[in-house]
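Numbering (this note's numbering), first residue to last: 1457 to 1517.
Ideal Cβ positions, reconstructed from N, Cα and C, are used throughout, including at glycine.
Please read these numbers as outputs of a predicted model, since none were measured by experiment.
Data first, discussion second: the structure below is written as C-alpha coordinates.
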Amino acid sequence: MPFSFWRQRLRLMRGHELIVEGMQVQGAAWTVGYENVSSFIAKLKRCSVQPQPRWVEYNVI
(Lines of atoms letter the chains of each structure in order from A and count residues from 1; the text may use other names and numbers.)
(Lines give C-alpha, C1' and ligand atoms only; values in the text may rest on other atoms or scores of the structure.)
Protein backbone atom coordinates (compact mmCIF):
# COMPACT_ATOMS: atom_id res chain seq x y z
CA MET A 1 0.00 0.00 0.00
CA PRO A 2 1.49 3.36 -0.99
CA PHE A 3 2.18 5.80 1.83
CA SER A 4 -0.13 8.45 0.33
CA PHE A 5 -3.06 6.01 0.30
CA TRP A 6 -2.35 4.95 3.89
CA ARG A 7 -2.13 8.57 5.04
CA GLN A 8 -5.39 9.54 3.32
CA ARG A 9 -7.16 6.53 4.84
CA LEU A 10 -5.86 7.47 8.30
CA ARG A 11 -7.08 11.06 7.90
CA LEU A 12 -10.52 9.85 6.82
CA MET A 13 -10.77 7.42 9.73
CA ARG A 14 -9.85 10.18 12.19
CA GLY A 15 -12.35 12.53 10.56
CA HIS A 16 -15.06 9.91 10.92
CA GLU A 17 -14.20 9.45 14.61
CA LEU A 18 -14.49 13.19 15.19
CA ILE A 19 -17.93 13.28 13.55
CA VAL A 20 -19.13 10.34 15.64
CA GLU A 21 -17.85 12.13 18.76
CA GLY A 22 -20.08 15.09 17.90
CA MET A 23 -17.85 17.48 15.97
CA GLN A 24 -19.41 19.30 13.02
CA VAL A 25 -18.41 17.92 9.61
CA GLN A 26 -16.70 21.17 8.62
CA GLY A 27 -14.61 21.18 11.79
CA ALA A 28 -13.66 17.53 11.35
CA ALA A 29 -12.62 18.14 7.74
CA TRP A 30 -10.42 21.09 8.70
CA THR A 31 -8.94 19.25 11.68
CA VAL A 32 -7.72 16.37 9.52
CA GLY A 33 -6.36 18.69 6.83
CA TYR A 34 -9.09 19.12 4.23
CA GLU A 35 -9.77 22.68 3.09
CA ASN A 36 -12.72 21.64 0.93
CA VAL A 37 -15.52 20.09 3.00
CA SER A 38 -17.29 18.69 -0.08
CA SER A 39 -14.15 16.83 -1.07
CA PHE A 40 -13.83 15.42 2.44
CA ILE A 41 -17.44 14.19 2.43
CA ALA A 42 -17.10 12.60 -1.02
CA LYS A 43 -13.94 10.73 -0.04
CA LEU A 44 -15.42 9.72 3.29
CA LYS A 45 -18.46 8.23 1.55
CA ARG A 46 -16.28 6.32 -0.93
CA CYS A 47 -14.10 4.83 1.79
CA SER A 48 -16.83 4.22 4.32
CA VAL A 49 -17.65 0.84 5.78
CA GLN A 50 -20.92 2.09 7.28
CA PRO A 51 -24.21 1.82 5.38
CA GLN A 52 -25.51 5.12 4.00
CA PRO A 53 -28.46 5.56 6.43
CA ARG A 54 -25.94 6.01 9.26
CA TRP A 55 -24.56 9.12 7.53
CA VAL A 56 -27.87 10.90 7.96
CA GLU A 57 -27.68 10.23 11.69
CA TYR A 58 -24.28 11.96 11.84
CA ASN A 59 -25.40 14.90 9.64
CA VAL A 60 -22.89 14.11 6.90
CA ILE A 61 -25.47 14.22 4.12
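Looking at SER1460, PRO1458, GLY1471, the one whose alpha-carbon comes closest to that of VAL1488 is GLY1471. Separation of GLN1482 and PRO1458 (C-alpha to C-alpha, rounded to the nearest whole angstrom) is 27 Å. For ALA1498, same chain residues with a beta-carbon under 6 Å away, outside a window of 5 residues either side, do not exist.
In this structure ALA1484 is in contact with LEU1474, their Cβ atoms being roughly 4 Å apart against a cut-off of 8 Å.
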